[in-house]
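Engineer: Numbering (our numbering), first residue to last: 3 to 314. Glycine is no exception: its CB is placed at the ideal position from the N, C-alpha and C atoms. Just so it is clear, the structure is predicted and the values come from calculations on it, not from any experiment.
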């Protein structure tokens with residue numbers, strides 16, 4: 003059953019990431035770029051004449067296929083477009099040119115020098131030219147399919163980290179969707195930090211803890227999400243969670259959503275005695291655990307439902 007749970011969670015997360023359509027987002031960055039890009043002489047950008055001619059005669063814009071240092075410096079996130087089209091993992095780019103992970107993060111403001119941008123553009127162009135020259139019927143749609151495939155490969159290879167990083171967002175989204183579906187959201191947005199709920203309650207997002215529920219000016223409940231599944235780090239994550247709960251009032255009811263609960267972790271939770279614990283599996287899909295979580299939070303503590311919550 004544990005293997006099935008792992009497979010289901012993997013599929014849920016992959017589907018969530020793909021649904022976000024990162025490929026469409028980075029394509030829009032390339033298409034909307036209005037800076038001047040001079041590709042001549044193409045040899046200086048490591049673009050082969052055969053690949054160039056194929057792209058031009060196919061009526062594609064050069065920037066849709068070939069990386070340019072000016073664009074990478076102006077919009078570093080476009081690295082993801084050309085890198086995935088070339089089917090290069092982040093580590094390979096770092097080994098062959100320079101690290102670009104910070105360039106591609108929408109939450110980081112990377113400053114890219116011309117020297118670094120040129121190195122990366124050369125790498126992307128050499129690989130993409132080889133791909134284009136390797137088949138006579140190459141189209142831009144082939145490049146887009148490469149992007150999606152490479153993103154999937156990258157996600158699959160880092161699934162354990164993704165589960166830990168995305169667990170809090172998954173829980174937040176699932177809770178917000180349930181509240182909305184049951185008419186309990188007065189005003190709010192799933193991407194905002196403050197949501198006004200029924201009966202005078204509000205929901206707030208933070209980092210320590212991840213979710214807070216307030217009644218007027220009093221925090222009545224908190225949810226801390228530690229979605230990592232590596233048993234070796236379970237006690238470290240428990241320590242971080244209890245530190246987070248130290249920031250809540252003594253009257254606040256604290257909930258922990260954990261990716262894994264080891265025997266030693268359970269022993270320490272039992273000794274603490276005040277933390278209500280659910281697994282990530284309980285919360286991210288329908289089942290007894292999910293409805294138990296909803297009842298504990300929204301029927302017994304955050305009292306915005308009068309009746310017991312069921313799946314019926």
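1) Does residue 90 come out as helix, strand or coil in the three-state DSSP assignment?
2) Alpha carbon to alpha carbon, how far is residue 186 from residue 306?
3) With 16 other CB atoms within 10 Å as the buried threshold, where does residue 88 fall?
4) Going by DSSP, which residues form a beta bridge with residue 281?
5) I'd like the span of the beta strand (DSSP E) that includes residue 213, first residue to last.
6) My output table needs one value for residue 189: the three-state DSSP class, helix, strand or coil.
7) Just how far apart, CA to CA, sit residue 246 and residue 296?
8) What whole-angstrom Cβ distance do residue 293 and residue 312 have, given they're in contact under 8 Å?
9) Note down the Cα distance separating residue 214 from residue 232, rounded to an integer number of angstroms.
10) Since I believe residue 222 is in contact with residue 303 (beta carbons under 8 Å), could you give me their beta-carbon distance rounded to a whole number of angstroms?
11) Kindly indicate which residue of 113, 256, 127 has the alpha-carbon position closest to the one of residue 41.
12) Below 8 Å, how does it come out for the region 89 to 97 and the region 33 to 49: are there three or more Cβ pairs, yes or no?
13) Helix or strand or just coil, what does DSSP make of residue 199?
14) Could you name the residues of the same chain whose beta carbon sits closer than 6 Å to that of residue 159, not counting the 5 residues immediately before and after it, in chain order?
15) Report buried or exposed for residue 309, applying the criterion of at least 16 other Cβ atoms within 10 angstroms of its Cβ.
16) Excluding the five sequence neighbours on either side, which residues of its own chain have a C-beta within less than 7 Å of the C-beta of residue 66, listed in chain order?
17) Looking at the secondary structure, which residues open and close the beta strand (DSSP E) in which residue 135 lies?
18) Could you check whether residue 263 and residue 131 sit closer than 8 Å to each other, using their CB atoms as the reference points?
19) With a cut-off of 8 Å, do at least 3 Cβ pairs link the region 70 to 80 to the region 108 to 125?
20) Quick one: what's got a C-beta closer than 6 Å to residue 82's C-beta in the same chain, skipping five residues either side?
21) Hey, quick one: how far does the alpha helix (DSSP H) through residue 266 stretch, first residue to last?
22) Assuming contact is defined by CB atoms lying nearer than 8 Å, are residue 25 and residue 207 in contact in what I supplied?
23) Using 8 Å as the cut-off, can you tell me whether the region 282 to 290 makes contact with the region 264 to 272, which would need three or more C-beta pairs spanning the two stretches below that distance?
24) Start and end of the alpha helix (DSSP H) containing residue 53?
25) Under 8 Å Cβ to Cβ from residue 3, same chain only, skipping five residues before and after it: list those, please.
26) Our contact map puts residue 114 next to residue 64 with C-beta atoms below 8 Å; I'd like the distance itself, whole angstroms only.
27) In angstroms with no decimal places, state the Cα-to-Cα distance between residue 301 and residue 230.
28) Would you decide whether residue 275 is buried or exposed? Buried here means 16 or more other CB atoms lie within 10 Å of its CB.
29) Please name the residue in 43, 53, 290 whose C-alpha comes closest to that of residue 136.
30) Taking a contact to mean a Cβ-Cβ separation below 8 Å, would you say residue 227 touches residue 169 in this structure?
Structural biologist: According to the data block:
1) coil
2) 8 Å
3) Result: buried.
4) Residue pairing of residue 281 in beta bridges, as defined by DSSP: 260.
5) 213 to 217
6) strand
7) Annotation: residue 246 to residue 296 spans about 21 Å, alpha carbon to alpha carbon.
8) 6 Å
9) 26 Å
10) Yes, residue 303 and residue 222 are in contact; Cβ-Cβ is about 6 Å, under 8 Å.
11) 127
12) no
13) Annotated three-state conformation of residue 199 is strand, per DSSP.
14) Low per-residue confidence applies at residue 159: pLDDT is 48, beneath 50, and the placement is therefore not dependable enough to give any value.
15) exposed
16) 32, 142
17) Taken as a continuous stretch (DSSP letters only), residue 135 belongs to no beta strand (DSSP E), being part of the alpha helix (DSSP H) at 116 to 135.
18) no
19) With a cut-off of 8 Å, the region 108 to 125 and the region 70 to 80 count as touching, because enough Cβ pairs lie within range.
20) Correct list, in chain order: 28, 106.
21) 265 to 274
22) no
23) no
24) Its alpha helix (DSSP H) spans residues 51 to 59.
25) With a pLDDT of only 46 at residue 3, under 50, the local geometry of the prediction cannot be trusted, and the value read off the model is given with reservation. Nothing meets the Cβ criterion.
26) Contact flag wrong, Cβ pair sits at about 20 Å.
27) 28 Å
28) exposed
29) 53
30) One thing to note: residue 227 has its Cβ within 8 Å of the Cβ of residue 169.
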